[in-house]
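Peer 1: Protein sequences appear in the order of chains Z and G.
Residues 5 to 314 in my numbering are what the first sequence lists, from first letter to last.
Residues 606 to 1002 in my numbering are what the second sequence lists, from first letter to last.
What follows is a structure written as structure tokens; I'll ask about it next.
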Amino acid sequence: MATLKQLALKKDLLAPGHRLCAGCTEPSIVRQILLASDKPVVVANSTGCLEVSTTVYPYTSWRVSYIHNAFENAAATASGIEAAIKALKRKGKKIDDYNVVVFAGDGGTYDIGLQSLSGALERQHKFVYVCLDNEAYMNTGIQRSSATPSYAWTSTTPVGKVEPGKKEPKKDLTLFAVAHNIPYVATASPSHFMDLIRKVEKAFSVNGPAVLNIIAPCPRGWRYPTEMGIKIARLAVETGVWPLYEVEDGKYRITFKPRELKPVEEWLKPQGRFRHLFKPGNEELLEQFKKMVEKRMRTLEIMEKATQED
Amino acid sequence: MDKQKVLALTGNQAVAHAMKQINPDVVAAYPITPQTTIMEEFSNYVANGLVDTELVRVESEHSAMSAVIGSAAAGARSMTATSAQGLALMWEELYIASGLRLPIVLVNVNRALSAPINIHCDHSDAMGARDSGWIMIFNENAQEAYDATIMAFKIAENERVFLPVMINFDGFTISHSIDAVSILDDDVVKNFVGDYKAPYNMLETPTTVGAFDSLGGFYYEFKKVQEDALRNSLPVIQEVYDRFAEISGRHYRHLETEFIEDAEIVFVIMGSLTGSVREIVHEARRKGIKAGLLKVRTYRPFPEKEVVEILKNSKAIVVFDRANSPGASYAPLCSDITNALYKERFIKPVVNVIYGLGGRDLELEEIEEALKIGIDASNGKEYPEKIWISIKGKEVD
């Protein structure tokens, strides 16, 4: 595995000067993933913050090949690229070995792109699908998605007199990906960069599809100061809100196990979108949130134990 | 010219055979009636190693078009096929394919759009995609569909064009009916289609495809260039038709005419029911009625100048549309005809006949009725501007 020093010597494949917001965690994640690739990369990007901020015509931030097709079909587009590579090689054309990578937000993955993703995973195309999960439609102005956690304020789940923000729990996209019997699925966080790089390398190495679901804190949507992005990501991991784990050929492994999880409040409190959870009368909501975090962690531990033994 | 085999094939089998001979790099498709048997047949070729194509059996038509956009952008010769709802589901992607100037070929087996759900032929699927910037070619029979499929990539990939091409032919009437089809030798097709080298290719140099055009950008200019490319493809399409004639002996034109020199009443139509209209035109001529026929093959770009040349001396025009444009003055083909005439300041009686929706038969008697209306119109009598000629029970009105 490449060390951080080695990666630091490589040329950045996402050029500086892109137009993502100050404090956005997406470019850090994208850079690390591109650097961790051992082969040239072709990127398929769904519509979203990353796309509109890195390809403003006539400029591009991408030093690798890149295609934006539409919102819901990055995985299908990647299927076509992978098919083209296979076919052209079969016909004797001189084609380099490429890593095909999708970058899509949670809207383009959990919601509108779910079918396209499912189809591409089931067809076992060799590509790495990266979901940059910032837990709402940030590009259009912080609307809720199925990745938005319970009780979060968004512009379409405002906190009102009768509604406490988003009422429904967050969809578990990682387990949805696991259900496709693909070689590799993992969660990751930009705060734990060595864990991230190791997972990216593994994702590129498997012979088939891999899904990386990566938490990507958004200062605008989550309502925290711009300098706190990586810290918020770290707190998500350390509180158990975003457990780091991988599922390799069906075997679960939790890749970050602190002796003790930090209280969930430490992750919630700095974020304005959860401010109302700390107001009198909402104690029950906070309890519910903590219970959901505990339950998921417990389930993961059971799955790890059950699948590592056989 | 080599000797050709004549095989008894359905339209779909003929197209699948053409696809086998083209041996595209990537095909992505999803089942839908009446297209499905093309893909079943082609899957057999793949399963038996008769083609090198990477066949992507996608989970929807939206993904089919998305995948071939990906593969075409990566420099692979890419194809798909669909019908009706499938084409409608692709709608968003059709505009992206043409906007990105990707030379994709789509075979559309024409079928009615829901609702009510109906699997039979009309042209409403293609007309829904009319303004998506694709080259659109309509075919009358299995032979034409086979030939057009072979010609499609030569048009799409021409450096003066770089636009996607949609090959249309009628569901069931053509797709599922057996016809005698002259089949070219495999090598002849291979040489005609040739090798494809994409001018820009994501797998050769780092390329950004599908950049974001913000306010103050160049969207407007892109669209103008795209319009120019589509209009300028007209002579290229004819060149490909001409070159195809050299290998096949079948010489196509954008427009096909019969008895047009002195025709007073001209029928305009496209697709499989041209044969029935042709029959009535011949019968009228036997009776001394000066009827003529104009069949439209190249529908987009619309060969407006040639259309006007053909129609300018007629006294009345009867345009058969197998689709409607609800709330508009005329259905799509008739609008194109009247627009072309108006531009050259020819104002004539035009009767728009809506026929064949949802696979409704167009009876010879109904075409005769349309002829009578056309004769009235040509004699200065009153005539209906738009008529639904096959409405059930109209005689009791």
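By construction, the Cβ of each residue, glycine as well, lies at the ideal position given by its N, Cα and C atoms.
Small disclaimer: the values here were computed from a predicted structure and weren't measured.
May I ask you to list the residues that DSSP assigns as paired with Asn713 (chain G)?
Peer 2: Note: Asn713 (chain G) sits in a beta bridge opposite G:Thr687 and G:Asn773.
Peer 1: Taking Cβ-Cβ distances below 7 angstroms as the criterion, which residues of the segment 788-812 of chain G are in contact with chain Z?
Peer 2: If the cut-off is 7 angstroms between Cβ atoms, the segment 788-812 of chain G has Met807, Leu808, Pro811 and Thr812 near chain Z.
Peer 1: What residues of chain G sit near Glu55 (chain Z), judged by a beta carbon separation below 7 angstroms?
Peer 2: Phe817
Peer 1: Beta carbon of Glu970 (chain G), beta carbon of Ser877 (chain G): below 9 angstroms?
Peer 2: no
Peer 1: Counting only beta-carbon atoms, is Glu762 (chain G) nearer than 9 angstroms to chain Z?
Peer 2: Not an interface residue.
Peer 1: So what does DSSP say about Met670 (chain G), is it helix, strand or coil?
Peer 2: The answer is helix: DSSP assigns Met670 (chain G) an H, G or I state.
Peer 1: Is Asp199 (chain Z) near Phe260 (chain Z), with beta carbons less than 9 angstroms apart?
Peer 2: yes
Peer 1: Excluding sequence positions up to five away, which residues of its chain have a Cβ less than 6 angstroms from the Cβ of Thr230 (chain Z)?
Peer 2: Ala26, Gly27 and Pro223
Peer 1: Classify Val1001 (chain G) as buried or exposed, calling it buried when 16 or more other Cβ atoms lie within 10 Å of its own Cβ.
Peer 2: Any reading at Val1001 (chain G) must be qualified, since the residue scores a pLDDT of 48, below 50, and its modelled position is unreliable; the value itself is stated next. Exposed, since its Cβ has fewer than 16 Cβ neighbours within 10 Å.
Peer 1: Please state the DSSP three-state secondary structure of Met198 (chain Z).
Peer 2: helix
Peer 1: When the Cα atoms are used, what is the spatial distance from Val710 (chain G) to Pro769 (chain G)?
Peer 2: Rounded to whole angstroms, Val710 (chain G) to Pro769 (chain G) spans 6 angstroms at the Cα level.
Peer 1: Alpha carbon to alpha carbon, how far is Asp941 (chain G) from Lys917 (chain G)? Give it in angstroms, no decimals.
Peer 2: 14 angstroms
Peer 1: Anything in the segment 80-99 of chain Z with a Cβ closer than 9 angstroms to a Cβ of chain G? List those residues in chain order, please.
Peer 2: Ala80, Thr81, Ala82, Ser83, Gly84, Ile85, Glu86, Ala87, Ala88, Ile89, Lys90, Ala91, Leu92, Arg94, Lys95, Lys97 and Ile99
Peer 1: Evaluate contact between the segment 119-131 of chain Z and the segment 202-216 of chain Z, counting only Cβ atoms and requiring at least three cross-stretch pairs below 8 angstroms.
Peer 2: yes
Peer 1: Would you list, in sequence order, the uninterrupted alpha helix (DSSP H) runs of no fewer than 4 residues that lie entirely inside the segment 785-846 of chain G?
Peer 2: Fully enclosed alpha helix (DSSP H) runs of 4 or longer: 791-798.
Peer 1: Assuming Val766 (chain G) and Val841 (chain G) make a contact with CB atoms under 8 angstroms, what is their CB distance in whole Å?
Peer 2: Between Val766 (chain G) and Val841 (chain G), the beta carbon gap of about 5 angstroms places them in contact (Cβ cut-off 8 angstroms).
Peer 1: Tell me the rounded alpha-carbon separation between Ile992 (chain G) and Val712 (chain G).
Peer 2: 30 angstroms
Peer 1: Can you tell me whether Ser233 (chain Z) is helix, strand or coil according to DSSP?
Peer 2: Before going on, a small fix: residue 233 (chain Z) reads as Gly here, not Ser. In this structure, Gly233 (chain Z) counts as helix in the three-state DSSP scheme.
Peer 1: Look at the alpha carbon of Ala557 (chain G) and the alpha carbon of Met301 (chain Z), and state the distance between them as a whole number of angstroms.
Peer 2: Not covered by the structure: residue 557 (chain G). The range shown for chain G is 606 to 1002.
Peer 1: On the CB-based measure, 16 or more other CB atoms within 10 Å of its CB, does Gln312 (chain Z) come out buried or exposed?
Peer 2: exposed
Peer 1: Measure the C-alpha to C-alpha separation of Gly616 (chain G) and Val60 (chain Z) and round it to an integer number of angstroms.
Peer 2: Cα-Cα distance, rounded: 45 angstroms.
Peer 1: Label Lys295 (chain Z) either buried or exposed according to how many other C-beta atoms from any shown protein chain fall within 10 Å of its C-beta, with 16 as the threshold for buried.
Peer 2: exposed
Peer 1: Since Gly145 (chain Z) and Gly52 (chain Z) should fall inside the 8 angstroms C-beta cutoff, what is the C-beta to C-beta distance between them, to a whole number of angstroms?
Peer 2: Their Cβ separation, rounded to whole angstroms, is 12 angstroms, which puts Gly145 (chain Z) and Gly52 (chain Z) out of contact at 8 angstroms.
Peer 1: Which residues in the same chain have their Cβ closer than 6 angstroms to the Cβ of Val268 (chain Z), if we skip the five residues on either side of it in sequence?
Peer 2: For Val268 (chain Z), the CB contacts under 6 angstroms within the same chain, skipping 5 residues up- and downstream, are Thr243, Lys294 and Val297 in chain order.
Peer 1: Taking a cut of 8 angstroms between CB atoms, which residues from the segment 677-689 of chain G lie near chain Z?
Peer 2: Ala677, Ala678, Ala679, Gly680, Ala681 and Ser683
Peer 1: What in chain Z is Cβ-close to Ile627 (chain G), meaning under 9 angstroms?
Peer 2: Those do not exist, as Ile627 (chain G) stays about 13 angstroms from chain Z at its closest Cβ, beyond 9 angstroms.
Peer 1: Does the beta carbon of Ser69 (chain Z) sit closer than 9 angstroms to a beta carbon anywhere in chain G?
Peer 2: Taking CB atoms only, Ser69 (chain Z) has a neighbour in chain G less than 9 angstroms away.
Peer 1: Out of Z:Asn143, Z:His280, Z:Asn73 and Z:Ser195, which has the shortest C-alpha to C-alpha gap to Leu3 (chain Z)?
Peer 2: Because chain Z is modelled from 5 through 314, residue 3 (chain Z) falls outside the range shown and cannot be assessed.
Peer 1: Using DSSP bridges, identify the partner residues of Asn286 (chain Z).
Peer 2: In the DSSP output, where bridge partners are listed per residue, Asn286 (chain Z) has none listed.
Peer 1: Nearest chain Z C-beta to Val770 (chain G) closer than 9 angstroms, yes or no?
Peer 2: no
Peer 1: Helix, strand or coil for Tyr133 (chain Z) per DSSP?
Peer 2: strand
Peer 1: Can you give me the C-alpha to C-alpha distance between Glu844 (chain G) and Thr58 (chain Z), rounded to a whole angstrom?
Peer 2: When the Cα atoms are used, Glu844 (chain G) and Thr58 (chain Z) turn out to be separated by approximately 41 angstroms.
Peer 1: What are the residues of the segment 653-679 of chain G that lie near chain Z, defined by any Cβ-Cβ distance shorter than 9 angstroms?
Peer 2: Asp657, Thr658, Glu659, Leu660, Val661, Arg662, Val663, Glu664, Ser665, His667, Ser668, Ala669, Met670, Ser671, Ala672, Val673, Ile674, Gly675, Ser676, Ala677, Ala678 and Ala679
Peer 1: Excluding the five sequence neighbours on either side, which residues of its own chain have a C-beta within less than 7 angstroms of the C-beta of Ile972 (chain G), listed in chain order?
Peer 2: Ser881, Val882 and Ile885
Peer 1: Taking the DSSP output, what are the residues bridged to Arg883 (chain G)?
Peer 2: None, per the DSSP bridge assignment.
Peer 1: Measuring only the C-alpha atoms, how far is Pro247 (chain Z) from Lys170 (chain Z)?
Peer 2: 21 angstroms
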